[in-house]
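Protein chains in written order, with this note's numbering: chain A, 166 to 407; chain B, 22 to 798.
Below, the structure is given as structure tokens:
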């Protein structure tokens, strides 16, 4: 739980300034400005097509803004090339997707270590770190299991472990409970809350008011490519359900 | 139906590269099919086809005009066993005709002019290749000279005889029966002093020399004794064609069959790959409410559309290429317009390919599509997901910990994740590399075959001895003097001499064609398939065709008439791949049977470093009656054969490479989502490309490593089979055509094609915006 004075004092991790994103004649984002501070958990909500996933893609460096600036962890993403964006993604952000986006060809452990090995971590320390994360996230016994044999909740935990592998400054989650049953959804919500409590900065895109209520300090509502309103949240108590 | 069409159109649009590749594969395959079918149709008995089309004469008979009347000869046409006859035609033998336009006509020294009023007689219909038929007394139509290519009528072309008679050349024609060197009007033939009459016969039983001899005896039984002065059988002409150059036909047959087979296999592989890769799409269509029949319809339409288009274009191009290829091959082999006249692409080939290829595509698509239509939608949708344990996992785990850069180890591990897809890709690469290896091996064997025939490895200079009987300059040296002269020249190591001849073999009614050799034959003899070279008189080697025709065996004794007409027992001690029926080294007893009674050719083996051109030039200067030439230059026929076989090899390579390329493109495309995800977690575009290229190059390398020995093994099987099919034992040296550098290149070719095939789509995948890929896949 944070008070507003503490909040203001923290370093800004994400800064969007007047960001616009056009797809042909259609503007998915139409001048959005947003700040996310270190340790903060922000939920972006809105109806389908409102621009919330586009906003997340801008922050993740998966897509480029048509206008405006996106700065994350002090880096202006507009100035980075394809390689620069790749290096930015591997070092500064972790991503969790609605449909997990795990590599079907690799077992759970290798999906997680992959992210570490991409930043140059040797196989042994990468494996050690991955096993620690699996243990922390309650999937220690599933190391050699392929994604197709994991439950939805387990897959999202593997995806979360992969996202956390390189200790990112920012964890991005795109509808992390959207493809899960309610029990698995609750588990993921608890996981995200706990991570935030440990100081992990979160930016979550969701339709789910329950997820926002449980995991976010602040909710930003996007409509027609603009931030319609934002408010702080009195969080419901939650914990990791195993 | 409209839903099927819409879905098919959308699928074609979405898979433009795949559709294009499929179309091109079918196009090249159709082209190859038309060309190879044309070749196969043309080479199935080219002489018989041409001979039958021209109603060739089974026997060309020559009668003494002084002993028999035209009426008596006309009666022979009605004899028992004669089915058709033409003649009698007056025949004049012209001696020492002058050269025409600087080029020799017919045989030097003698020229047979036959008086015929028209070319299209019942028997021996002549093929007029240029100009017109002789109508006036001073006009002549020449039998088209071999080796000179298509002739154009020139205003100044004339045949001038020794007595000053001049005949204007008004046309060129070919005779399947080789019935004359030229044709004039009947009156002109008589004016030129015809002493003979020619009759051309076809018989109901003409299968063997014995049957023909019997037929002629029946036909001429009522004629005055001694009126028949000579006969020539079509079997002799056929045998001459089949010998030497004709032995290239089996190689062309193999290429033709190979081309068809590979086209079918590659098309089948490409099409089934396209359908298998679309399983997920099939699942989605089912989920949307498409019936199984509609789903099958979508996939058949999707692959048939580019196939029909490719097939139509390929058939059109193939007809041009095929005709050119066949014409080129046959010109190289037969140098005969008559045979060539019947080598156009047969009409049945077009519908066969135009219908057959799309049907093949449809059937190839139908098999996996039928499997897919039975799958529940959910299973089809998840067809790409992997649930595996065991070897694949162990390999990936090991690669992950190998210390290799992760993109490299990931790329190397990919093939193990999807064994089914990997097997399909690998089979295409193996098929492609095997095909190309075998095709290149066959090409090399054909070249080597030409070299073996000419013994280029042992004989560097060939010296032909002119024969004064044919109006040529008599050599100044005797055989012994020529031996001494050639041996004394700097660089000469071995010298041998030979002459061709004809003789009789006891128990065989026809003539046998024989060569007798002398000198350093131990060093200069041709390659042997079995046995050894004769060690002296009383021993002979026989050629492969004779070996099989007479059921010969090593140690078997045959009896031949020598130059004095006395029977001599000869033991067969070896078998040669080609050449004359029988070869002996018993010069003293057989040489006099040759056309000049002396050596016709000398062969010289030179020391290493001796320039054969300079040696030949020095020989020519030494005696104007001998013609020295360098042995081993590629002759026209060999050049043509290599060019034809190279064209077929290139076509095979294109089809095989496209097959591999298509499979790799499909494979890479399937991984688009994975690639997007890897980029999302921080893989750079270059790493993505590296990973994909390494993955496919590794598969290609494995395919190459498997395909090369497989291709060599098939080559090792095909070469002897090629010989056996035509009763020829080919020398084992034809199998030894491999060079390690070439093999290494072939082994790498799979990797190169795999890498190239992966590179283009991986570049696209690496450049594609991640958000878009993850959203759309």
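Don't be surprised by glycine CBs; every beta carbon is placed ideally from N, CA and C. Since we're looking at a predicted model, the values are computed, not measured.
Asked, Found
"Which residues in the same chain have their Cβ closer than 6 Å to the Cβ of residue 180/A, if we skip the five residues on either side of it in sequence?", "200 and 236"
"Determine the contact status of residue 366/A and residue 336/A, defining contact as a CB-CB distance below 8 Å.", "yes"
"Relative to the C-alpha of residue 482/B, which residue among 105/B, 756/B, 545/B and 216/B is closest?", "545/B"
"Whether or not the stretch 35-48 of chain B and the stretch 212-226 of chain B are in contact is what I'm after, with contact meaning three or more pairs of Cβ atoms, one per stretch, closer than 8 Å; do they touch?", "no"
"Please decide whether residue 705/B counts as near chain E, where near means a Cβ-Cβ distance under 8 Å.", "Within the model displayed, chain E is absent; protein chains A and B are what it includes."
"In its own chain, which residues sit with a C-beta less than 7 Å from the C-beta of residue 196/B, not counting the 5 before and 5 after it?", "145, 147 and 164"
"With a threshold of 8 Å, are at least 3 pairs of Cβ atoms found where one atom belongs to the stretch 548-561 of chain B and the other to the stretch 623-639 of chain B?", "no"
"How should residue 168/A be labelled, buried or exposed, when 16 other C-beta atoms within 10 angstroms of its C-beta is the threshold for buried?", "Low local confidence applies: a pLDDT of 49 at residue 168/A is under 50, so the model's placement there is unreliable, and no value is given."
"State the start and end residues of the unbroken alpha helix (DSSP H) segment that holds residue 542/B.", "542-545"
"Excluding the five sequence neighbours on either side, which residues of its own chain have a C-beta within less than 8 Å of the C-beta of residue 567/B, listed in chain order?", "533, 573, 602 and 603"
"Would residue 466/B and residue 729/B be called neighbours here (beta carbons separated by less than 8 Å)?", "no"
"Here's a check: name, in chain order, each residue in its chain whose Cβ is nearer than 6 Å to the Cβ of residue 170/B, leaving out the five neighbours to either side.", "In this prediction, residue 170/B scores a pLDDT of 43, lower than 50, which makes its location untrustworthy; the coordinate-derived value is nonetheless stated afterwards. So no residue of the chain qualifies."
"Give a yes or no on whether 8 Å exceeds the smallest Cβ distance from residue 422/B to chain A.", "yes"
"Excluding the 5 residues preceding and the 5 following residue 720/B in the sequence, name in chain order all residues of the same chain whose CB lies nearer than 7 Å to its CB.", "436, 443, 446, 447, 450 and 775"
"Ordered along the chain, which non-local residues of its own chain (more than five positions away) have a Cβ less than 6 Å from that of residue 331/B?", "44, 47 and 48"
"Applying the criterion that 16 or more other CB atoms from any shown protein chain within 10 Å of the CB defines a buried residue, is residue 228/A buried or exposed?", "buried"
"Run the CB neighbour count on residue 647/B, radius 10 Å, all protein chains shown included, and call it buried at 16 or more, exposed below.", "buried"
"Suppose you measure from the CA of residue 611/B to the CA of residue 255/B; what does that come to, to the nearest Å?", "27 Å"
"Is residue 146/B helix, strand or coil by DSSP?", "coil"
"Across which residues does DSSP place residue 206/A in a beta bridge pair?", "367/A"
"Which bits of chain B does residue 399/A rub up against, with CB to CB less than 8 Å?", "Chain B residues near residue 399/A: none, gap ~33 Å exceeds 8 Å."
"Tell me whether the stretch 305-319 of chain B and the stretch 697-709 of chain B touch, counting them as touching only if at least three CB pairs, one residue from each stretch, are closer than 8 Å.", "no"
"Report the option in 745/B, 731/B, 727/B and 706/B whose CA atom is closest to the CA atom of residue 780/B.", "706/B"
"Would a check of beta-carbon distances place residue 783/B closer than 8 Å to chain A?", "no"
"Along the chain, where does the alpha helix (DSSP H) that runs through residue 470/B open and close?", "440-475"
"Quick one: Cα of residue 363/A to Cα of residue 381/A, how far?", "14 Å"
"Could you check if residue 292/A is buried or exposed, using at least 16 other CB atoms within 10 Å of its CB as the buried criterion?", "buried"
"Roughly how many angstroms lie between the CA atoms of residue 679/B and residue 302/B, to the nearest whole one?", "24 Å"
"At a CB-CB cut-off below 7 Å, which residues of chain A make contact with residue 698/B?", "266 and 268"
"According to DSSP, is residue 500/B part of a helix, a strand, or is it coil?", "helix"
"Does any residue of chain A have a CB that is nearer than 8 Å to the CB of residue 427/B?", "yes"
"Which ranges does the alpha helix (DSSP H) cover as unbroken runs of at least 4 residues, wholly within the stretch 598-640 of chain B, from first to last along the chain?", "608-611"
"Nearest chain B C-beta to residue 340/A closer than 8 Å, yes or no?", "no"
"Per the contact definition of three or more C-beta pairs closer than 8 Å, is the stretch 751-767 of chain B in contact with the stretch 492-511 of chain B?", "no"
"How long is the line joining the alpha carbons of residue 390/A and residue 234/A, rounded to whole angstroms?", "16 Å"
"Looking at the strands, I want to know which residues DSSP matches up with residue 261/A.", "338/A"
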